[in-house]
Each structure stands twice: as structure tokens, then as C-alpha cells.
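Residue numbering for the sequence shown follows my numbering, beginning at 296 and increasing consecutively.
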Amino acid sequence: MKIKVNEESYLLEYLINNTDKSRKDLKVYLKYGNIRVNNRVVTKYDKLLKKDDVIDISESKNKNKDLVIIYEDKDIIVIDKPYGMLSIASESDNLNTAYKLVMEYLKGINKNNKVFVVHRLDKDTSGVLLLAKNEITKNFLQANWENIVTRKYIGIVEGKVEKEKDVIESLLNENDEHYVYSDKTGKRAKTEYKRLKYNDKYSLLDIKIYTGRKNQIRVHMKDINHIILGDKKYGSKVNPLKRMCLHAYQLEIKINDKKHIFKSEVPKSFMTLFR
């Protein structure tokens, strides 16, 4: 369904007044990336529309409700990855990965569409994940990633973190069993954190990474003896929320002198440990 806007208005309000869709249905379409304005996916109900904008509502393009699209244009697609899902797997593995979901979605629009992994989130980390829609964009992003991207996470760690803020730097190595650890040699990793809340058992941290090493945050939290809650691999003994408590809530990127900030809502369950 395509609609040409004839007056300035907010998106949800305009659709309620100009379609037969219910408010509930429209919010679902927005959440799962089924509404585009001028060929760009929109997920915010309060987007301001201008006269002659074109709205496209699709009830079929995104059938998989695990795929929540935050943003999409001709070069990139940004999704909200759920925890428990790999970013990508080997071709021989028939797994439900973020890459596979995005590929199926894009192929459903045009069988010639492609998608490329630019960075990854660990399987049990949720939040903002960016993928490229063409090889030129992928190569540019990967070549310039640390200079143009800032990533922030919310994490819950075991114990009370005494310092209100700190920076952790080390060299990271990986053994044959895919266990990452700080060493005298390896790849440079830098993590900054700020303590937001704490109690006798846990601390809530706002975490910024300057490098994108595998398991970086998890290793650095272990290094300061405050393991990410639910991170069994690196020694967590308790798991009250039945998941690893690490969420990528913001990715900021600058492309062609334009800054984009993509956000994912922090899981509400995180705050239940600080009541």
C-alpha cells in the first residue's frame, strides 16, 4: 500500500487518519520495519512527514518477527539483534543467524540483493548490529571502522565496582579453544566504563569500546574481577536473568560527513536487579 502525504503530520497520526489499519497493527508494522517513507525504513511513530512524502506499508516483506529493523537505506541496514542468536555462521551450519534473517528479508524484496557482515556481536549479546548492502560500503566501513564508529553497551557485572569510571587497556590473545585473554602480546584493546548503579551483588555499567576485539568487554570485565553477569565462559557463577547481561544500545557512525546514531532499548529486565 502506497500513500502520498498531502499535509505535514506525524507518521502514526497520519496513518491512523488515512488508512483502515488499527493503532496496534501500525505499531507492529513500525517495529518490524514494514513501513518506509521515501524508500527508507522508519521505526519511529513520531517521524515528521512533509507534503509529498511517499509512505509504503508492506504486510509481507518482513515475515520473521526475530528481525527488528532500526534503519535501512541503499547502503546499510541496521537491526536489533536478539540475544542467543549468532551474527553469522559457516555456510555448512543451518542456523538462524542475524545474517540469514537479513538476507532472507532483502532477497524477499529483490532476489539480486546482497548483504555483507561488517562487524559482529557475540551470540549472547543483544543490540545494534550494522550490515552493508554492497561490497563497496562493506570495504569502506571495515577499512575505517575504528575512526568513524563509536559503540556503547550497557552491562551488568558481578559485585560492586568501586571506581565510578575507568579505562582498561590490554593486548588480547586467543587460544585454540577460542578463549580470549589479556597477554603481553596480541591485539590492542581499549574499553572505558562508567558506573551507573550498584548494590551489594551487582553493578550496572555504561561501557564504550574504542576497539572491536572478540569478547573484548567480557575479557576486560574479568580482568578487573567483575565478570559480566551470566557469562559462563569467563567465569560467571550466577545467572538470575537467564541470559548474559550485555546489550549494545548505541552505534554512532559518520559517513560522508553525516552523523547517524542508531539506538536499541535496554532490556527492561536489566533494571529489575536494581530495585
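Every residue gets a Cβ at the ideal spot worked out from N, C-alpha and C, and that includes glycine.
Integer-rounded CB distance, given that residue j should sit under 8 Å from residue i
i: I547; j: V413; result: The sequence shown places Glu at residue 547, rather than the Ile named in the question. About 14 Å; that fails the 8 Å criterion.
i: R415; j: S382; result: 4 Å
i: L500; j: V561; result: That pair is no contact at about 12 Å.
i: D361; j: L396; result: 6 Å
DSSP three-state assignment for residue i, whether helix, strand or coil
i: G450; result: strand
i: V397; result: helix
i: E547; result: strand
i: S498; result: strand
i: E469; result: strand
i: Y488; result: strand
i: L381; result: coil
i: I482; result: Going by the sequence as given, residue 482 is Lys instead of Ile. K482 falls in the strand class under three-state DSSP.
i: D518; result: helix
i: K376; result: strand
i: K409; result: coil
i: D320; result: helix
i: G403; result: helix
heavy atom of the ligand NAP below 8 Å from residue i C-beta
i: E303; result: Absence of the ligand NAP from the depicted structure is noted, as is the absence of any ligand whatsoever, leaving it without description.
C-alpha distance - residue i paired with residue j, whole-angstrom precision
i: D351; j: N520; result: 51 Å
i: F565; j: Y448; result: 12 Å
i: K479; j: L467; result: 8 Å
i: K496; j: I522; result: 12 Å
i: M398; j: K316; result: 28 Å
i: E303; j: D347; result: 9 Å
i: V462; j: Y366; result: 31 Å
i: K401; j: A484; result: According to the sequence displayed, residue 401 carries Leu and not Lys. About 34 Å.
i: N301; j: K517; result: 56 Å
i: G557; j: V533; result: The sequence given here places Phe at residue 557; Gly does not occur at that position. Taking the straight line joining both Cα atoms gives about 31 Å.
i: R513; j: Y529; result: 7 Å
i: N439; j: N329; result: 31 Å
i: Y394; j: L436; result: 17 Å
i: A384; j: N405; result: 23 Å
i: K549; j: K433; result: 14 Å
i: I502; j: E430; result: 30 Å
i: E472; j: T506; result: 22 Å
i: T567; j: N407; result: 45 Å
i: F411; j: E441; result: 18 Å
Sequence-distant residues of its chain with Cβ nearer than 8 Å to residue i (five each side left out)
i: T314; result: M296, I298, L321 and I352
i: I318; result: Reading off the sequence shown, one finds Arg at residue 318, where the question assumed Ile. Hits under 8 Å: L307 and I311.
i: N333; result: D348 and V349
i: K537; result: G525
Sequence-distant residues of the same chain with beta carbon closer than 6 Å to residue i, five excluded per side
i: K409; result: none
i: E459; result: R490
i: R335; result: D368
i: E469; result: V475
i: S559; result: D375, G422, V423 and Y544
i: N510; result: V475
i: E487; result: V462 and K503
Beta-carbon proximity list for residue i, same chain, < 7 Å, skipping 5 on both sides
i: S531; result: E453, I522, I523, L524 and G525
i: K482; result: L466, L467 and R508
i: F569; result: K492, N494 and L499
i: S477; result: S465, L466, L467, V514 and D518
i: Y324; result: I330 and I352
i: D419; result: Y378, G379, R538 and M539
i: T338; result: L325, K326, G328, I364 and I365
i: D370; result: A427, K428, N429 and T432
Cβ pair count under 8 Å reaching 3, the segment 365–379 against the segment 418–427: Output reads yes: the segment 418–427 touches the segment 365–379.
If we count Cβ pairs, one from each stretch, closer than 8 Å, do we get three or more for the segment 526–543 versus the segment 446–462? Cβ pair count under 8 Å is three or more, so yes.
Can at least three beta-carbon pairs, one atom from the segment 301–308 and one from the segment 337–347, be found at a separation below 8 Å? The segment 301–308, when compared against the segment 337–347, does touch it at the 8 Å Cβ threshold.
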